[in-house]
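Here the sequence shown stands for residues 1 to 342, numbered as in the UniProt record's numbering. The beta-carbon is built from N, C-alpha and C at its ideal position, and this holds for glycine as well. Working notes, structure below.
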Amino acid sequence: MGGQCGAVSNNQKGLIRLRKCFIGFCWIFMLPAYADVNWMSATLDNDFFVNEDNGYTNGIYVSFFEISDNAQSIQQPVFWVKPLLWSMPNENVKTSVNIYSAGQTLTTPYDIEEKVPAEGTFPYSALLSFTNTYISVTPNYADRVSTTLGVVGPIAMGEQTQKAVHRVISAKTPRGWDTQLKNEVVFELSRGRTWRAWVADNGRTDVLSGANASIGTLRSGVNTGIMLRYGQNLDDSYATVLLAESRTSNPIAVNEGWFVFAGVEVGYTFNQIFTDGNTFRNSRSIDYNHNSNSFTTGLTYSWGDMALAFAINSPFSIDGDKNDREMDKFTRYGTLTFSWQI
Numbered sequence: 001m002g003g004q005c006g007a008v009s010n011n012q013k014g015l016i017r018l019r020k021c022f023i024g025f026c027w028i029f030m031l032p033a034y035a036d037v038n039w040m041s042a043t044l045d046n047d048f049f050v051n052e053d054n055g056y057t058n059g060i061y062v063s064f065f066e067i068s069d070n071a072q073s074i075q076q077p078v079f080w081v082k083p084l085l086w087s088m089p090n091e092n093v094k095t096s097v098n099i100y101s102a103g104q105t106l107t108t109p110y111d112i113e114e115k116v117p118a119e120g121t122f123p124y125s126a127l128l129s130f131t132n133t134y135i136s137v138t139p140n141y142a143d144r145v146s147t148t149l150g151v152v153g154p155i156a157m158g159e160q161t162q163k164a165v166h167r168v169i170s171a172k173t174p175r176g177w178d179t180q181l182k183n184e185v186v187f188e189l190s191r192g193r194t195w196r197a198w199v200a201d202n203g204r205t206d207v208l209s210g211a212n213a214s215i216g217t218l219r220s221g222v223n224t225g226i227m228l229r230y231g232q233n234l235d236d237s238y239a240t241v242l243l244a245e246s247r248t249s250n251p252i253a254v255n256e257g258w259f260v261f262a263g264v265e266v267g268y269t270f271n272q273i274f275t276d277g278n279t280f281r282n283s284r285s286i287d288y289n290h291n292s293n294s295f296t297t298g299l300t301y302s303w304g305d306m307a308l309a310f311a312i313n314s315p316f317s318i319d320g321d322k323n324d325r326e327m328d329k330f331t332r333y334g335t336l337t338f339s340w341q342i
């Protein structure tokens with residue numbers, strides 16, 4: 001008995017050390033940018049905003065932004081995003097942004113009190129990730145490339161995070177984390193663009209269209225969408241919709257602007273580790289509809305050197321069966337972002 005307890009303790013210590021090494025690794029690459037950072041943001045995704053506690057249940061991200069709004073001092077991307085830089089434009093760029101984000105994502109099945117969840121239910125999984133995003137903005141469109149590197153499995157400390165939060169809010173204790181995905185390093189390369197397809201004469205309303213493609217063991221897929229916005233100072237903020245693709249932020253109003261927005265997105269997912277399970281090892285997984293549709297609505301307001309944004313993301317199936325509708329319910333969540341200039 002004592003030997004077993006010692007083994008468990010050593011395993012836990014090893015996981016904590018690995019987690020600290022990963023977080024330290026992320027901060028090493030974020031620190032060089034910190035000296036010239038212009039903005040910082042914190043984003044919370046959670047299904048309690050939509051009165052649920054399953055599927056994509058929680059995500060928290062902290063981001064640092066280096067922003068240049070002068071064509072003579074365009075920000076230079078770092079090596080993280082070099083694999084996709086060949087696809088970026090280098091003419092008529094008026095603004096550029098380097099973004100460094102770190103975060104944790106959790107997914108759980110519907111009944112978190114079961115020690116062994118039923119087959120076909122969402123696997124327990126956690127992700128610790130670092131994302132570098134580079135955005136260039138022209139008068140009519142904005143481009144984004146991003147690289148994500150992360151780890152899933154016990155090393156991502158999802159069990160400890162969820163249990164700690166549930167103790168604080170007196171929620172149910174999750175009991176099935178022993179069935180979670182196994183430790184694995186994951187990555188994703190992503191490329192996106194958004195266009196200002198239409199702008200009203202008074203500048204208070206616009207329509208944005210966009211497309212995105214990604215490849216990696218974390219996720220691979222393609223999608224396209226359209227968004228309607230109404231508000232103030234829309235010219236300065238349309239590129240921020242590109243941040244929603246990586247879940248590091250919401251569309252954000254800037255320069256004392258504000259807007260409300262609604263959008264529809266359709267796409268196809270080739271693979272995603274949260275539902276397909278581990279890439280190179282046997283683990284829990286579920287069948288799902290690889291066609292995806294989502295409706296997003298929200299609002300954002302900026303004042304002084306700060307901004308606040310909130311949105312509800314609601315997947316929906318057009319001709320799906322009962323399982324597809326259940327999946328839509330599991331992946332619905334609300335997201336809140338607070339940003340401030342530093």
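Query	Result
Rounded straight-line distance, which links the Cα of Gly225 to that of Ala211	7 Å
Rounded Cβ spacing between residue 389 and Ser214 (contact assumed at less than 8 Å)	Because residue 389 is not part of the residues shown, which for the chain are 1 to 342, the question remains open.
Span of the alpha helix (DSSP H), counted from its first residue to its last, around Ile99	Ile99 -> not in any alpha helix (DSSP H); beta strand (DSSP E) instead, spanning Thr95 to Thr108.
C-beta atoms of Arg247 and Gly153 nearer than 9 Å	no
Own chain residues within Cβ distance below 8 Å of Ala35, not counting five before or after	At Ala35, the pLDDT of 39 sits below 50, so the modelled position is not reliable and the matter cannot be decided from this model.
Every unbroken alpha helix (DSSP H) inside the segment 237-325 [4 residues or more]	273-276
Through-space distance from Thr275 to Val199, alpha-carbon basis	39 Å
Through-space distance from Pro117 to Asp111, alpha-carbon basis	7 Å
For Gly221, three-class secondary structure by DSSP	strand
Ile342, DSSP secondary structure in three states	coil
Cβ pair count under 8 Å reaching 3, the segment 304-313 against the segment 274-292	no
Three-way DSSP call (helix, strand, coil) for Leu85 in this model	helix
Buried or exposed (CB count within 10 angstroms, at least 16 for buried), Pro251	buried
Given Gly176 as reference, the closest of Asn46, Asn98 and Pro109 once Cα atoms are compared	Pro109
Thr161 - containing alpha helix (DSSP H), residue span	Gly158 to Val168
Gly257 beta carbon near the ligand NAD (any heavy atom closer than 8 Å)	For the structure depicted, the ligand NAD is absent and the ligand set is empty, with no information on it obtainable.
Local conformation of Leu336 per DSSP, three classes	strand
Residue closest to residue 374, alpha-carbon to alpha-carbon, out of Ile169, Asn282, Ala164 and Gly59	The first residue shown for the chain is 1 and the last is 342, placing residue 374 beyond what the model contains.
Pairwise C-alpha distance: His166 and Asp178	17 Å
CB contact flag (Gly203, Asp235, <9 Å)	yes
Segment limits, beta strand (DSSP E) that includes Val137	Ser125 to Val137
Where Ala33 falls: helix, strand or coil (DSSP)	At Ala33 the pLDDT is 41, less than 50, meaning the model places this residue with poor confidence; the figure from the coordinates comes in the next sentence. DSSP places Ala33 in helix when its eight states are reduced to three.
Top-ranked residue by Cα proximity to Val260, from Glu245, Gly192 and Val241	Val241
Proximal residues to Phe316 (C-beta, below 8 Å), its chain only, five neighbours per side dropped	Asn293, Ser294, Phe295 and Asp328
Closest residue to Pro123 among Phe130, Trp86 and Glu114 (Cα-Cα distance)	Glu114
Leu189 in three-state terms, based on DSSP	strand
Rounded straight-line distance, which links the Cα of Phe130 to that of Thr147	8 Å
Cβ-based burial, Gln162 [other Cβ within 10 Å; buried from 16]	buried
Burial state of Thr173 (16 or more Cβ within 10 Å)	exposed
Outcome for Trp340 when other beta-carbon atoms lying within 10 angstroms are tallied against a minimum of 16	exposed
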